[in-house]
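Colleague:
Number of protein chains: 2
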Amino acid sequence: MRTKLLVIALAVSALCIFQSQAQTADSGFPKGELSTAKNHTGNIWLSELNVGDSTFDPSIAMATYGAGAKLDWHIHPGGQVLLITEGTGYYQERGKPVRIVHKGDVIKCAPGVEHWHGAAPHSSFAYIAVTPTQKGKTIWLEPVSNKDYDRLK
Amino acid sequence: MRTKLLVIALAVSALCIFQSQAQTADSGFPKGELSTAKNHTGNIWLSELNVGDSTFDPSIAMATYGAGAKLDWHIHPGGQVLLITEGTGYYQERGKPVRIVHKGDVIKCAPGVEHWHGAAPHSSFAYIAVTPTQKGKTIWLEPVSNKDYDRLK
Chain A
1 MRTKLLVIAL AVSALCIFQS QAQTADSGFP KGELSTAKNH TGNIWLSELN
51 VGDSTFDPSI AMATYGAGAK LDWHIHPGGQ VLLITEGTGY YQERGKPVRI
101 VHKGDVIKCA PGVEHWHGAA PHSSFAYIAV TPTQKGKTIW LEPVSNKDYD
151 RLK
Chain B
1001 MRTKLLVIAL AVSALCIFQS QAQTADSGFP KGELSTAKNH TGNIWLSELN
1051 VGDSTFDPSI AMATYGAGAK LDWHIHPGGQ VLLITEGTGY YQERGKPVRI
1101 VHKGDVIKCA PGVEHWHGAA PHSSFAYIAV TPTQKGKTIW LEPVSNKDYD
1151 RLK
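So, in structure tokens, the structure goes:
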């Protein structure tokens, strides 16, 4: 009887751990394709959930970062809201201290503000980005230097 | 030794089951307050993640439904995108068949289209709604009749 209980308990443990890992890695939305753009360092997967246009403006996209991946400095002419769905990351506006952000945080970046965001060094990181498109495309600036990033650890 | 293993395995099982339930009920964003509006039946919790304005248009809100809760028929003058984060629900546009929607689905409702959405009868249901606000407020119509809803089971 005790052996049976042990086997069942071990099986439930294994199943639960497996399920927990799958849920952590999966908000339910597609992870999309590995980005080949030149505006970041490290691995970033992008998945377009809605294409913004003049009828329904905001672009909505899922972005999933490998640990340590980071976007270059950039500007959104129409601003952006980030809904953090997984892990821990960094968000910084030019001239301000870096913010450590977590799953469940909502970040509002005003139009025209220079900023960057990325994963923390040892954490996955994912968000849904809501970006109005009718005021112009993202303007890309210089990369975040490894020296600046490493200083944040 | 076997007793120790059994105790550890049972403890891990209990912890994993507890964690799994917490994750299922929690996208990480606040659940917010129980709605007291007259535009739905059943329990719906609302949490405002971004207030839309003329600088950054879309309103972004989390809505969490108790099993069987449903909004009345309504129209968004600027359209709406729903990002389903939990459970199973129904989405229907006037004159079209109902769609059964699940976690991970993205629904785009065009401006001016009469529609309703709600939880399935025996499932929780939650989404993030992205709603442009500058073309006018939501126009509320009649409730979905229980007869029509029950026919979908």
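Protein sequence lines, in the order shown, are assigned to chains A and B. Quick note on my numbering: the first sequence kicks off at 1 and runs consecutively. Quick note on my numbering: the second sequence kicks off at 1001 and runs consecutively. Beta carbons: idealized from backbone N, C-alpha and C, even for Gly. Remember, it's a predicted structure, so these values are computed and weren't measured experimentally.
#1: Taking CB distances under 8 Å as the criterion, tell me whether B:Ile1044 reaches chain A.
#2: Please return the same chain residues whose Cβ sits closer than 7 Å to the Cβ of B:Glu1033, not counting the five positions on each side in sequence.
#3: Within 10 Å of its beta-carbon, does B:His1040 have 16 or more other beta-carbons around it, so buried, or fewer, so exposed?
#4: Residues of the segment 45-63 of chain A in Cβ contact with chain B at a cutoff of 7 Å, in chain order, please.
#5: What does the alpha-carbon distance come out to for the pair A:Thr133 and B:Lys1147?
#6: Quick check: the Cα distance between A:Gly42 and A:Gln92, rounded to an integer number of angstroms?
#7: Check whether the Cβ of A:His28 lies closer than 8 Å to any Cβ atom in chain B.
#8: Would you mind stating whether B:Leu1082 and B:His1115 have Cβ atoms separated by less than 8 Å?
#9: Tell me whether A:Asn50 sits in a helix, a strand or coil according to DSSP, three-state version.
#10: Would you call the CB atoms of B:Ala1129 and B:Ala1061 closer than 8 Å?
#11: Report the residue from A:Lys135, A:Thr85, A:Gly104, A:Ala63 whose alpha carbon sits nearest the alpha carbon of A:Gly78.
#12: DSSP three-state label for B:Lys1031, please.
#13: What residues are listed by DSSP as bridge partners for B:Tyr1127?
#14: Please report the distance separating the alpha-carbon of B:Pro1111 from that of B:Ile1139.
#15: Would you say A:Ile128 faces chain B, with C-beta separation under 8 Å as the test?
#16: If you check the beta carbons only, do A:Thr85 and A:Lys108 fall under 8 Å apart?
#17: Are the C-beta atoms of A:Ile139 and some chain B residue less than 8 Å apart?
Modeller: Here's the rundown:
#1: The count along the second sequence starts at 1 and reaches residue 1044 of chain B at position 44. Not closer than 8 Å to any Cβ of chain A, the Cβ of B:Ile1044 fails to qualify, so no.
#2: The count along the second sequence starts at 1 and reaches residue 1033 of chain B at position 33. Hits under 7 Å: Trp1045, Leu1046.
#3: If you number the second sequence from 1, residue 1040 of chain B lands on position 40. Buried, because 16 or more other Cβ atoms sit within 10 Å of the Cβ of B:His1040.
#4: Leu49, Asn50, Thr55, Phe56, Asp57, Pro58, Ile60
#5: As a working note, residue 133 of chain A is residue 133 in the first sequence. As a working note, residue 1147 of chain B is residue 147 in the second sequence. Their backbone Cα atoms lie some 42 Å apart in a straight line.
#6: Translated into the one-based positions of the first sequence, residue 42 of chain A becomes position 42. Translated into the one-based positions of the first sequence, residue 92 of chain A becomes position 92. Straight-line Cα distance between these residues: approximately 18 Å.
#7: The residue labelled residue 28 of chain A in the question sits at position 28 within the first sequence. According to the sequence displayed, residue 28 of chain A carries Gly and not His. Yes, its Cβ sits closer than 8 Å to a Cβ of chain B.
#8: For the purposes of this step, residue 1082 of chain B is identified with residue 82 of the second sequence, where counting begins at 1. For the purposes of this step, residue 1115 of chain B is identified with residue 115 of the second sequence, where counting begins at 1. Not in contact: B:Leu1082 and B:His1115 (Cβ atoms no closer than 8 Å).
#9: Within the first sequence, residue 50 of chain A is the residue found at index 50, counting from 1. A:Asn50 falls in the strand class under three-state DSSP.
#10: Reading the second sequence from its first residue, position 129 is the one you call residue 1129 of chain B. Reading the second sequence from its first residue, position 61 is the one you call residue 1061 of chain B. Their beta carbons are under 8 Å apart, which means B:Ala1129 touches B:Ala1061 by this criterion.
#11: For the purposes of this step, residue 78 of chain A is identified with residue 78 of the first sequence, where counting begins at 1. Checking every option, the nearest Cα to that of A:Gly78 belongs to A:Lys135.
#12: Within the second sequence, residue 1031 of chain B is the residue found at index 31, counting from 1. If DSSP states are grouped into helix, strand and coil, B:Lys1031 belongs with coil.
#13: Looking up residue 1127 of chain B in the second sequence gives position 127. Answer is B:Ala1063, B:Ile1084, bridged to B:Tyr1127.
#14: Taking the first residue of the second sequence as position 1, residue 1111 of chain B is located at position 111. Taking the first residue of the second sequence as position 1, residue 1139 of chain B is located at position 139. Whole-angstrom Cα-Cα distance: 11 Å.
#15: In the first sequence, counting from the first residue as 1, residue 128 of chain A sits at position 128. Yes, contact with chain B.
#16: For this step, residue 85 of chain A is matched to residue 85 along the first sequence. For this step, residue 108 of chain A is matched to residue 108 along the first sequence. No. Outside cutoff.
#17: Position 139 of the first sequence, counted from the first residue, corresponds to residue 139 of chain A. Taking Cβ atoms only, chain B never reaches closer than 8 Å to A:Ile139, which makes this a no.
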